[in-house]
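Visitor:
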Amino acid sequence: ANLRNEFTRFELLNTKPFFEGLKVVRMYPKRKTDFQEIVMEVDPSNYQIRRLRFAHSDGSRSEFIFLSIRTNTGLRSSLFDFKVPPGVDVVQGLGQ
Numbered sequence: 061a062n063l064r065n066e067f068t069r070f071e072l073l074n075t076k077p078f079f080e081g082l083k084v085v086r087m088y089p090k091r092k093t094d095f096q097e098i099v100m101e102v103d104p105s106n107y108q109i110r111r112l113r114f115a116h117s118d119g120s121r122s123e124f125i126f127l128s129i130r131t132n133t134g135l136r137s138s139l140f141d142f143k144v145p146p147g148v149d150v151v152q153g154l155g156q
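Here the numbering used here runs 60 ahead of the position in the sequence shown, where the first position is 1.
(1) In the DSSP output, which residue or residues are listed as bridge partners for L73?
(2) Can we say the stretch 80–98 touches the stretch 61–70, given the rule of at least three CB pairs closer than 8 Å?
(3) Would you report the Cα separation of I119 and K76, rounded to the nearest angstrom?
(4) Can you find the residues in the same chain that come closer than 6 Å, C-beta to C-beta, to R113, ignoring five residues on each side of it along the sequence?
(5) Nearest to H116 by alpha carbon, out of V144, Q152 and K92?
(6) Following the continuous alpha helix (DSSP H) through L63, name the residue where it begins and the one where it ends.
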């Protein structure tokens, strides 16, 4: 997805990132969602997202830190085939 289609504003922040050398960007969603903003820390050399922080509309926060990132490792595509377990209802999210 194109981030410009999903977010109204982007701010490059001057805050200290979790990992040295990363760029910190705050984004605000266009549509009403369950979060107010997302702050992501990006490696400018390869554009990999290394940290994500979500400020949810209910005041809670979530954070994800990505370590030991490996790309193009030759994983079989079948690893990404989702098989719905018996008795599970699949609910489509927004924009699906």
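Virtual Cβ for every residue (Gly too), placed ideally from N, Cα, C.
Guide: Result, derived from the coordinates:
(1) V84
(2) yes
(3) In the sequence on display, residue 119 carries Gly and not Ile. Spanning the two alpha carbons is a distance of roughly 23 Å.
(4) V99 and E123
(5) K92
(6) L63 to E66
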